[in-house]
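Engineer: Under my numbering, think of the first position of the sequence shown as 24, with each following residue one higher. Just so it is clear, CB atoms sit at the ideal spot from N, CA and C, and this is done for glycine as well.
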Amino acid sequence: MSPKLKMAVFMDRDGVINPCPPFVNSPESFSLLPQVRETLQRLKDAGYALHIVTNQGGIGLGFMTPSDMVNINLHMMDLLPMIDSVEYCPHKPDAGCDCRKPKGKLIREVIDVKGYDPEKCWMVGDQWTDVLAGRDAGLKPSKCLQIQANTNALSVMAGLIIWRTKQQGDISRNSLKKISTPRVKLTDQELRDRKNERNRQYRRDKKKREEEANNVASIKQ
24 MSPKLKMAVF MDRDGVINPC PPFVNSPESF SLLPQVRETL QRLKDAGYAL HIVTNQGGIG
84 LGFMTPSDMV NINLHMMDLL PMIDSVEYCP HKPDAGCDCR KPKGKLIREV IDVKGYDPEK
144 CWMVGDQWTD VLAGRDAGLK PSKCLQIQAN TNALSVMAGL IIWRTKQQGD ISRNSLKKIS
204 TPRVKLTDQE LRDRKNERNR QYRRDKKKRE EEANNVASIK Q
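#1: What whole-angstrom Cβ distance do residue 128 and residue 135 have, given they're in contact under 8 Å?
#2: How about residue 2 and residue 153: are their beta carbons less than 9 Å apart?
#3: Please name the residue, chosen from 110, 48, 67, 38, that lies closest to residue 55 on a Cα-to-Cα basis.
#4: Along the chain, where does the alpha helix (DSSP H) that runs through residue 152 open and close?
#5: Within the same chain, show all residues whose beta-carbon is closer than 8 Å to that of residue 232, passing over the 5 residues directly before and after it, in chain order.
#6: For residue 126 and residue 156, which I take to be in contact (beta-carbon distance under 8 Å), what is that distance rounded to the nearest angstrom?
#7: DSSP on residue 108, reduced to helix/strand/coil?
#8: Can you name the start and end residues of the beta strand (DSSP E) that residue 188 belongs to?
#9: By alpha-carbon positions, which one of 149, 178, 168 ends up nearest to residue 43?
#10: Going by CA-CA distance only, name the one from 165, 45, 61 that's closest to residue 143.
#11: Applying the criterion that 16 or more other CB atoms from any shown protein chain within 10 Å of the CB defines a buried residue, is residue 88 buried or exposed?
#12: Tell me whether residue 174 is buried or exposed, calling it buried when 16 or more other Cβ atoms sit within 10 Å of its Cβ.
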């Protein structure tokens with residue numbers, strides 16, 4: 024394996040690759056944030072392998088099936104053919120599994136199988152759990168980055184990663200603070216659509232919780 028192929032960028036999905044909300048439970052509900060395709064291609068051209076690492080507790084909670092997740096992944100990789108793999112945890116948030124972030128098992132497994140150098144790998148996500156997962160997998164803390172969700176911040180971080188690769192050195196924390204993460208400006212209609220989708224998801228979740236409570240009550244009777 025060439026030295027370049029020993030480098031990898033691990034990324035969260037929701038809020039980094041696609042907008043969230045809305046929640047993605049089908050290929051039709053998946054869309055890309057602006058500049059994502061171009062950003063990932065820049066990283067690929069710089070010699071990085073690209074892996075998505077995502078918690079998908081909706082499978083364990085019954086909002087989608089494993090087959091739904093496979094179809095979503097296939098659709099995403101059709102849109103983003105430069106992605107090398109999609110790793111996901113299907114378990115409920117409170118399942119206590121080893122593969123759900125902030126644990127780093129999924130990242131570690133990819134590193135071991137592919138033979139990447141952990142010191143040349145990065146983790147980028149919009150949640151602190153993403154940062155912790157990267158650290159737990161043995162990545163350098165300075166290369167586990169939290170970005171603002173639903174923005175083009177991934178593009179900004181890609182520029183930093185590529186610059187660091189060329190410099191072959193660390194960048195100071197003060198330099199990181201100078202990097203702006205401008206928000207993606209949404210139209211009024213897009214904002215209304217997102218609000219409506221959140222409300223619909225809330226009602227679906229509430230209805231499911233009520234049904235589960237009724238089932239439990241029926242069993243006890």
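Structural biologist: On the basis of the coordinates in this document:
#1: Not a contact, Cβ separation roughly 10 Å.
#2: Since the first residue of the chain shown is 24 and the last is 244, residue 2 is not available in this structure.
#3: 38
#4: 151-159
#5: Here the set comprises nothing.
#6: Right, the Cβ-Cβ distance comes to about 6 Å (below 8 Å), so this counts as a contact.
#7: The three-state reading of DSSP puts residue 108 in strand, counting E and B together.
#8: Not the beta strand (DSSP E): residue 188 falls in the alpha helix (DSSP H), residues 176-190.
#9: When the alpha-carbon of residue 43 is set against those of 149, 178, 168, the nearest one is in 149.
#10: 165
#11: That one is exposed.
#12: buried
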